[in-house]
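Asks: In terms of the numbering used here, the sequence shown opens at residue 5 and continues consecutively. By construction, the Cβ of each residue, glycine as well, lies at the ideal position given by its N, Cα and C atoms. Because the structure is a prediction, the values reported are computed rather than measured.
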Amino acid sequence: MTEDKSGPDHVVLEFRLPDLGEGLTDAVLVRWRVAVGNSVELNQPIAEVETAKAEVELPSPFAGRVVELLADPGDTVPVGATLIRIATAAPQPGQPAPVAAPRPQ
């Protein structure tokens with residue numbers, strides 16, 4: 005995830021396809037469960053991807069509003085590629101920046 009400050013009241017964060025384990029280098033996007041403009045909650049399922057081994061649901065690592073989807077269903081996405089950008093509330097002075105939720109094991 006990288007941070008792109010997009011305004012005084014919000015920060016746009018990127019969610020990249022995580023390493024799904026077992027030496028897999030990519031996954032196929034099966035479907036989005038959100039659309040641009042939707043609000044998302046922490047750990048809300050945002051997409052389904054298929055690897056050579058299984059279909060996996062990806063949870064959002066932070067809450068906010070979807071600003072961009074960067075892959076289409078059927079696309080093969082390499083591990084580490086940005087999938088989605090989500091605008092989150094900018095931290096107030098003295099507050100920590102948003103932190104990604106831990107990935108389920």
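Is E54 closer than 7 Å to V32 when the C-beta atoms are compared?
Replies: As a working note, residue 32 is residue 28 in the sequence shown. As a working note, residue 54 is residue 50 in the sequence shown. A contact, by the Cβ cut-off of 7 Å.
Asks: Does T29 come out as helix, strand or coil in the three-state DSSP assignment?
Replies: Within the sequence shown, the letter at position 25 stands for residue 29. Here T29 sits in coil by DSSP.
Asks: Going by DSSP, name the residue or residues bridged to E45.
Replies: Locating residue 45 in the sequence shown gives position 41, counting from the first residue. The partner list for E45 (beta bridge, DSSP) is empty, contrary to what the question assumes.
Asks: DSSP has P82 in a bridge; who is on the other side?
Replies: As a position in the sequence shown, residue 82 is number 78, starting the count at 1. D30.
Asks: Pull up the distance between the alpha-carbon of P49 and that of T80, whole angstroms please.
Replies: Taking the sequence shown and counting its residues from 1, the one referred to as residue 49 is at position 45. Taking the sequence shown and counting its residues from 1, the one referred to as residue 80 is at position 76. So the two alpha carbons sit approximately 19 Å from each other.
Asks: By Cβ distance, which residues of its chain are closer than 7 Å to V34, with the 5 residues on each side in sequence left out?
Replies: Within the sequence shown, numbered from 1, the residue matching residue 34 stands at position 30. So the list reads E52, V53, E54, E59, P77, once near-sequence residues are dropped.
Asks: Suppose you measure from the CA of A91 to the CA of E26; what does that come to, to the nearest Å?
Replies: Mapped onto the sequence shown, residue 91 falls at position 87. Mapped onto the sequence shown, residue 26 falls at position 22. Looking at the two C-alpha atoms, the distance is approximately 31 Å.
Asks: Looking only at its own chain, which residues have a Cβ that is under 7 Å from the Cβ of G84, when we skip the five neighbours before and after it?
Replies: Taking the sequence shown and counting its residues from 1, the one referred to as residue 84 is at position 80. R20, L21, listed in sequence order.
Asks: According to DSSP, is P22 helix, strand or coil?
Replies: Taking the first residue of the sequence shown as 1, we reach residue 22 at position 18. Note: P22 maps to coil in three-state DSSP.
Asks: When DSSP builds the beta bridges, which residues end up paired with P63?
Replies: Position 59 of the sequence shown, counting from 1, holds the residue named residue 63. Per DSSP, P49.
Asks: State the Cα-Cα distance for the pair H14 and V44, rounded to the nearest angstrom.
Replies: Stepping through the sequence shown from its first residue, residue 14 is reached at position 10. Stepping through the sequence shown from its first residue, residue 44 is reached at position 40. So the two alpha carbons sit approximately 15 Å from each other.
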